[in-house]
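Reading through the structure tokens given below for one structure.
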Amino acid sequence: MDFKDYYKTLDVATDADLKAIKTAYRKLARKFHPDVSSETDAAERFKEVAEAYEVLGDEKKRAEYDEIRKHGGRQQGPGASGFGGAGSFTGSQGGSYNEQDFSDFFSSVFGERGRRASGFDDASGFRSRGRDIEVEMPIFLEDTLAEESKQIKYALPHYDANGQRLQDITKTLNVRIPQGVADGERIRLKGQGAPGLGEGPAGDLYLRVRLVPHPLFDVEAHNLLTTVPLAPWEAALGGKITVPTLQGKIQLTIPPNSQSGQRLRIKGRGLPMKSGTGDLFAVLKVVMPPSADEPTKKLWQQLAEQQAGFDPRNSA
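Residue numbers for the sequence shown follow my numbering, so the first one is 4 and each next one is one higher.
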């Protein structure tokens, strides 16, 4: 099994911090999202990017991965068997990673300990109930507001009467995004998993929600954050500016003497919750002009002289 270089997948340095990794993931996830990408291999590339971020974006998983990478792509320690055996490590968040989700490499390192790929685990070699399946469901923030269903496709494992796996079947479902769904949440669709043996019931399908990074908004629970650049005079004098929301642009009043980093709450413009809606917070960021001519510099000098007693590093 080939070793996967997650740093190369995200195009980041091996000593990149979490912010750089998150930025790279946002860019690539948006680029290869199957709903918007024109790339022929967009779905597979999106899956690779998500897998890389699942590891490098988690401190414990990254440490495990770096240790393996340091030893040339082989697990070390008692009982280590390279990447041939399943589940030599357990995921840092205790999750169960199905082979439909990520690569065999990922499953061999972070898969659930003791899993059997066949799905038949009793003494006689089979069981009547069908196997549960878990797949990723990437959605845009805008999808959480939509009322129409979202189409998903997934591979459905298929077995003969002896428990031997046959060729997978591609299944298509239309799924309504539940009100108040959050990133990482699992949605259970009863009976949509692998078929049972004999007269046994089918397993369940679990959809793991992944909110695709948005170019304008960050997510905090059901609240949204958007950075709003301000000129120094806008922060000092206040006024009205246009800011984006998921529902469209609105006018926001900036109070006089606003500070960089200050949050202005816009009620009810966040993500839907099971009861109500979260809020949008406009995070103010004072931005200086790129350059100043001599008359402008003189004005700044006059301001500095008038405010000679103000020390921003001692204002607390």
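Even for Gly, the Cβ is constructed at its ideal location relative to N, Cα and C. Keep in mind that this is a model prediction, so the values were computed, not measured.
**Item:** Cα-Cα separation between Asp20 and Arg65, rounded to whole angstroms
**Value:** On the sequence shown, residue 20 is found 17 positions in, with the first residue counted as 1. On the sequence shown, residue 65 is found 62 positions in, with the first residue counted as 1. Asp20 and Arg65: Cα-Cα distance of roughly 11 Å.
**Message:** Only counting the same chain, and skipping five residues up and downstream in sequence, which positions put a Cβ closer than 6 Å to that of Tyr10?
**Reply:** On the sequence shown, residue 10 is found 7 positions in, with the first residue counted as 1. Taken in chain order, the residues that qualify are Thr17.
**Request:** Assign Lys153 to one of three DSSP states: helix, strand, or coil.
**Result:** In the sequence shown, counting from the first residue as 1, residue 153 sits at position 150. Three-state result, Lys153: strand.
**Prompt:** From which residue to which residue does the alpha helix (DSSP H) around Ile257 run?
**Reply:** As a first step, residue 257 must be located in the sequence shown, where it is residue number 254. No alpha helix (DSSP H) holds Ile257; the beta strand (DSSP E) holding it covers 253 to 257.
**Proximity winner among Arg168, Gln195, Pro232, Leu169, relative to Val178 (alpha-carbon distances)** = Sequence index remark: in the sequence shown, residue 178 carries index 175 (1-based). Here the closest residue by C-alpha is Gln195.
**Item:** DSSP-derived helix/strand/coil call for Pro235
**Value:** Sequence index remark: in the sequence shown, residue 235 carries index 232 (1-based). It is helical.
**Message:** Quick check for students: name the residue ranges of the alpha helix (DSSP H) that lie wholly in the region 16 to 60, counting only runs of 4 or more.
**Reply:** 21 to 35, 45 to 59
**Prompt:** Just checking, does the region 276 to 283 make contact with the region 211 to 230 on the three C-beta pairs under 8 Å criterion?
**Reply:** yes
**Asked** Is it the case that the Cβ atoms of Lys386 and Val231 are separated by a distance below 8 Å?
**Response** Outside the modelled stretch of the chain, which goes from 4 to 319, sits residue 386, for which no answer is possible.
**Neighbour flag for Gly60 against chain B, beta carbons, 8 Å** = The structure shown contains no chain B; it is built from a single protein chain.
**Nearest residue (CA-CA) to Thr245, options Ala149, Pro235, Thr229** = To locate residue 245, count along the sequence shown from 1; it is residue 242. Answer by Cα proximity: Thr229.
**Asked** Can the beta-carbon of Ala239 be found less than 8 Å from the beta-carbon of Pro259?
**Response** Start at 1 with the first residue of the sequence shown, and residue 239 comes out as number 236. Start at 1 with the first residue of the sequence shown, and residue 259 comes out as number 256. Cβ atoms of Ala239 and Pro259: closer than 8 Å.
**Prompt:** Between the Cα of Val52 and the Cα atoms of Val39, Gly60, Leu13, Ala205, which residue gives the shortest distance?
**Reply:** Residue 52 sits at position 49 when you count from the first residue of the sequence shown. Measuring from the Cα of Val52, the nearest candidate turns out to be Leu13.
**Terminal residues of the alpha helix (DSSP H) in which Glu297 lies** = For this step, residue 297 is matched to residue 294 along the sequence shown. Looking at the DSSP string, the run of the alpha helix (DSSP H) that includes Glu297 is 297 to 309.
**Asked** Looking at the unbroken alpha helix (DSSP H) that takes in Thr12, where does it start and where does it end?
**Response** To locate residue 12, count along the sequence shown from 1; it is residue 9. Taken as a continuous stretch (DSSP letters only), the alpha helix (DSSP H) holding Thr12 covers 9 to 13.
**Prompt:** Taking contact to mean at least 3 C-beta pairs separated by less than 8 Å, is the region 306 to 313 in contact with the region 289 to 297?
**Reply:** Touching, no.
**Message:** Leu249 and Glu145 - do their beta-carbons sit closer together than 8 Å?
**Reply:** Numbered from its first residue, the sequence shown carries residue 145 at position 142. Numbered from its first residue, the sequence shown carries residue 249 at position 246. A contact, by the Cβ cut-off of 8 Å.
**Message:** Less than 7 Å between C-beta atoms, sequence neighbours within five positions excluded: which residues of the same chain meet that for Gly199?
**Reply:** Walking along the sequence shown from the start, residue 199 turns up at place 196. Correct list, in chain order: Ser131, Arg132, Gly133, Ala205.
**Request:** Compute the distance between the beta-carbons of Phe6 and Phe109, then report whether it is under 8 Å.
**Result:** In the sequence shown, the residue the question calls residue 6 occupies position 3. In the sequence shown, the residue the question calls residue 109 occupies position 106. No, these two residues do not count as a Cβ contact at 8 Å.
**Asked** What first and last residue would you give for the beta strand (DSSP E) that runs through Arg268?
**Response** Within the sequence shown, the letter at position 265 stands for residue 268. Run containing Arg268: 266 to 269, per the beta strand (DSSP E) assignment.
**Sequence-distant residues of its chain with Cβ nearer than 7 Å to Asp186 (five each side left out)** = As a first step, residue 186 is located in the sequence shown; it is residue number 183 there, counting from the start. Hits under 7 Å: Val212, Arg213, Leu214, Val222.
**Request:** Would you list the one or two residues that DSSP bridges to Tyr209?
**Result:** The residue given as residue 209 occupies position 206 in the sequence shown. By DSSP's assignment, Tyr209 forms a beta bridge with Glu137, Arg191.
**Request:** Have a look at the DSSP bridge pairing and note the partners of Thr245.
**Result:** Residue mapping note: residue 245 aligns to position 242 of the sequence shown, counting from 1. Answer by DSSP bridge pairing, in chain order: Gln254.
**Item:** Residue of Glu47, Lys25, Ile269 minimising C-alpha distance to Ile253
**Value:** Locating residue 253 in the sequence shown gives position 250, where the first residue counts as 1. Nearest of Glu47, Lys25, Ile269 to Ile253, Cα basis: Ile269.
**Request:** Determine which residues share a DSSP beta bridge with Val286 and list them.
**Result:** The residue labelled residue 286 in the question sits at position 283 within the sequence shown. Paired residue(s): Thr230, Arg266.
**Message:** What would DSSP say about Leu169, mapped onto helix, strand or coil?
**Reply:** The count along the sequence shown starts at 1 and reaches residue 169 at position 166. Coil at Leu169, not helix or strand.
**Request:** Drop a sphere of 10 angstroms on the beta-carbon of Pro141, count the other beta-carbons inside from all chains shown, and report buried for 16 or more, exposed for fewer.
**Result:** Counted from its first residue, the sequence shown places residue 141 at position 138. If you draw a 10 Å sphere on the C-beta of Pro141, you find 16 or more other C-beta atoms in it, and that means buried.
**Message:** Taking the alpha carbon of Thr173 as the reference point, which residue from Asp44, Pro160, Ile180 has its own alpha carbon closest?
**Reply:** On the sequence shown, position 170 is the one that residue 173 refers to. Measuring from the Cα of Thr173, the nearest candidate turns out to be Pro160.
**Item:** Rounded separation between Leu302 and Gly264 - CA only
**Value:** Your numbering for residue 302 matches position 299 in the sequence shown. Your numbering for residue 264 matches position 261 in the sequence shown. Rounded to the nearest angstrom, the two C-alpha atoms are 25 Å apart.
**Asked** Considering only residues of the same chain and omitting the five flanking positions on each side of Ile190, which have a CB-CB separation below 6 Å?
**Response** By 1-based counting over the sequence shown, the position of residue 190 is 187. Closer than 6 Å at Cβ, skipping near neighbours: Leu210.
**Prompt:** In terms of DSSP beta bridges, what is Asp186 paired with?
**Reply:** Taking the first residue of the sequence shown as position 1, residue 186 is located at position 183. Paired residues: none, contrary to the question.
**Request:** Using only the heavy atoms of the ligand FAD, determine whether one of them is closer than 7 Å to the beta carbon of Met276.
**Result:** Among the ligands in the structure shown, none appear at all, so the ligand FAD cannot be discussed.
**Request:** Use the C-beta contact count for Glu137: other C-beta atoms within 10 angstroms, 16 or more gives buried, fewer gives exposed.
**Result:** Taking the sequence shown and counting its residues from 1, one reaches residue 137 at position 134. Result: buried.
**Message:** Taking the beta strand (DSSP E) that Asp221 belongs to, which residues open and close that run?
**Reply:** As a first step, residue 221 is located in the sequence shown; it is residue number 218 there, counting from the start. Residues 221 to 223.
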